[in-house]
Amino acid sequence: MLSAPLRARRGRPILALAALGVAVFALAPVVHLVMRAFADGPDRVWSLVFRQRTLDLVWRSGILALTVTVACLVVGLAAAWLTTRTDLPGRRWFALALSVPLAIPSYVSGFVWIAQFPALEGFVGAALVLTCASFPYVYLPVAAALASIDPGLEEVARTLGRSRIRTTLTVTLRQVWPTAAAGGLLVALYTLSDFGAVALMRYEAFTLAIYGSYRGLLDRTPAAVFGLVLVVLAVILTVSERGVRRGATARVGSGAARTPGAVPLGTARLPAVGFLTAVLAVSVGVPVAGLARWLWRSQQASVDWSAIWTATTYTLWVAALGALLTTALALPVGVFAARSTSPLARFTESAAYVGFALPGITVGLALVFFGIRLLPQWYQHTPMLLIAYAVLFLPLAVGSIHAAVAAIPSGLEDASATLGSGRFLTGLRVTIPLAAPGVVAGCALAFLTIAKELPATLLLVPIGHETLATGMWKHTETLEYGSAAPYAVILVLIAALPSLILGRLLRGRVDAESGGEE
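First residue of the sequence shown: 1, per our numbering; consecutive thereafter.
Following this line, the structure appears as structure tokens:
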């Protein structure tokens, strides 16, 4: 007879079924893209895929995603190491401040940069804005991992004669690399799907081409084909990230009570402070200064504060509901992917990541199509908007939950099984409580991203309602920057709340690991 631990690992049919249901839900926009793309026959699709313009867009979008991802990995890893493992002056403050760029929408940052520095138009400007907006996707999880990993392996390496730098590169970095790769995947997918930065910087990527095709209103087949190409790129990136993730380490318990001593920076302390200060100046200082100028102009404009208050209330409402829905849907996918190596687990996780690579306008139009035909009672109502948010931002919660569950030794679940608990009770009593920080982090990321989402919201927001993002966009389209300023400022403040909470939680972990010493 099989032992309880072995029985616990044989299969998870209920979890697999739930994850498969979420995957089907996440692939709904892809179904619409396939139907629309092949409406004129497969020959038309192949002719569009292999024409020179499509290949050029693949190259331009691919090189932008690669550049932004590499830059975010460098900045995120360096910032995380400096704020958690060194004697950097003011490291607790930096640990908190480096989460703030998540709160600034790329279209706000892009407008400020292009208005002040028109020469940045093109690839350089798009890469700069997207790097500034995205590096916290790498920094936050890596810093949390560095603050909590068991220092035993590093201590062993030091006793064997390795230098601090070599130990950091060969031992510490290897322990957190799967976490960094997961963050890098989010950065790459976000770059592929972003519209605001590439549009403002006039860099022709897939999202701009899709928008132009939809706006033409004559032939939308190219837009559907471009969307399918983005889906293929998303799958390739997800599979590649899974390969990098192999070899991730897990530990039993919470690790040693002691922590490694802070690495003395010595003469490098000033350059390190200068590096982090420059990162914050570029990613936060410039956009905030631009918003301040907008706010000053608002004193000379007629501002409808009641409309702003209504938009603020609705933004908080849909962001909270959307984050909860997204997290609830992500739980079975994240747990199943972390606890199973089956092809079905790989499929469900890959399917969950597809929506993050699609432009909001593509997902919005797909849900308009399904809403009119399948759920007319939800069309142009809040539930349809929440569904769009869940499709778009499911990976934010899935990645966080997957990383948290994967770090929990499976032996703890086996021990629970030997004591007579079934899988469901084990999940409630063991897995979910231990993974709670990852679940909360994923929910917070979903909240702040939903609050500043624009393209899908423009299409699906119920009649008579508007969010802060759509209100700001409405005024900027008519060049009423003074009237748009209050919307933008409140939006940044709302999005800053969860990012500051994440940063503060991280700072608390660093303080706990360092015994409260600066």
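Ideal Cβ positions, reconstructed from N, Cα and C, are used throughout, including at glycine.
For residue i, the nearest candidate out of the options (CA to CA)
i      : options                        : result
VAL30  : ALA223, SER109, ALA397         : ALA223
ILE114 : LEU468, VAL198, LEU324, SER306 : VAL198
LEU493 : TRP93, ALA144, VAL286, LEU316  : LEU316
ALA330 : VAL282, VAL461, ALA320, ALA397 : ALA397
ALA456 : PRO178, SER193, ALA320         : SER193
PRO332 : ALA80, PHE50, VAL405           : VAL405
TRP309 : SER47, LEU66, VAL489, PHE195   : VAL489
ALA37  : GLY227, PRO118, ALA19, VAL112  : GLY227
ALA281 : CYS132, VAL74, GLY438          : CYS132
ALA95  : PHE356, LEU146, THR476         : LEU146
TYR190 : VAL74, GLY62, LEU77, VAL284    : GLY62
MET472 : TRP305, PRO101, PRO376, VAL34  : TRP305
VAL334 : LEU321, SER350, LEU57, GLY355  : Rather than Val, the amino acid found at residue 334 in this sequence is Gly. Comparing Cα positions, the closest option is SER350.
VAL363 : LEU20, VAL235, HIS465, LEU460  : LEU460
ARG541 : TYR139, LYS474, GLN116         : Since the displayed the chain opens at 1 and closes at 518, residue 541 lies outside it and no answer follows.
THR312 : GLY90, LEU491, ALA119          : LEU491
PHE135 : VAL74, GLY90, ARG60, ALA144    : VAL74
THR327 : LEU33, PRO395, THR348, LEU358  : PRO395
VAL58  : TYR203, LEU375, PHE25          : TYR203
GLY212 : GLY482, ARG92, SER106, PRO359  : PRO359
ALA234 : LEU55, ALA357, PRO101          : ALA357
ALA180 : THR476, LEU375, ALA71          : ALA71
HIS402 : THR348, PHE370, SER483         : THR348
ARG525 : GLY90, VAL24, LEU20            : Shown here, the chain extends from 1 to 518; a query on residue 525 therefore has no answer.
Start and end residues, alpha helix (DSSP H) containing residue i
i      : result
PRO343 : 343-357
TRP177 : 173-193
SER283 : Run containing SER283: none; DSSP gives neither H nor E here.
VAL124 : 123-134
TRP309 : 305-339
GLY266 : Looking at the DSSP string, GLY266 is not in any alpha helix (DSSP H), and its letter there is neither H nor E.
ARG36  : 28-37
LEU374 : It is not in any alpha helix (DSSP H) - LEU374 carries neither H nor E in the DSSP assignment.
VAL461 : Note, VAL461: premise wrong, no alpha helix (DSSP H); not H, not E.
PRO383 : 382-406
ALA197 : 196-200
Close beta carbons around residue i, own chain, < 6 angstroms, minus the five adjacent residues each side
i      : result
LEU458 : THR470
ALA451 : THR315, ALA319, ILE494, ALA495
LEU82  : LEU88, ALA272
SER400 : GLY438, ALA441, GLY442
ALA345 : PHE336, ALA337
LEU27  : ALA351
ALA262 : THR86, ASP87
LEU33  : ALA224, GLY227, LEU228
Own chain residues within Cβ distance below 7 angstroms of residue i, not counting five before or after
i      : result
PRO498 : ALA444, PHE447, LEU448
ARG10  : Note on ARG10: pLDDT 48, under 50, position unreliable in the model; no value is reported.
ALA188 : ALA65, THR69, LEU237
ILE387 : LEU367
GLY110 : VAL129, GLY196, ALA197, LEU200, MET201
PRO287 : ILE104, VAL108, SER109, VAL112
ALA18  : PRO332
LEU325 : LEU386, ALA390
ILE14  : none
HIS465 : TYR314
GLY183 : GLY76, TYR137, VAL138, PRO141, VAL142
SER254 : Its pLDDT being 45, under 50, SER254 is placed unreliably in this model, and the value from its coordinates should be taken loosely. The answer is none, since no qualifying residue turns up.
THR382 : VAL318, PRO462
ILE372 : TYR379
ALA323 : CYS443, ALA446, PHE447, ILE450
THR67  : ALA127
ALA16  : PHE336, LEU344
Close-in-space but distant-in-sequence residues of the same chain around residue i (CB under 8 angstroms, 5 per side omitted)
i      : result
GLN52  : none
MET1   : Here the model assigns MET1 a pLDDT of 42, short of 50, so the residue's position is not dependable, and the following value carries that caveat. Excluding positions up to five away in sequence, the list is empty.
ALA40  : Note that residue 40 corresponds to Asp in the displayed sequence, not to Ala. Cβ neighbours of ASP40 beyond the five flanking positions: THR221.
PHE370 : ALA28, HIS32
- Task: Count the CB pairs spanning the region 70-90 and the region 199-212 that are closer than 8 angstroms, and state whether there are at least three.
- Result: no
- Item | Completely contained alpha helix (DSSP H) runs for the region 48-112, where each covers 4 or more residues | 52-85, 91-97
- Stretch-stretch touch, CB-based, cutoff 8 angstroms, three pairs: the region 67-82 with the region 268-278: Yes: the two stretches touch, three or more of their Cβ pairs being nearer than 8 angstroms.
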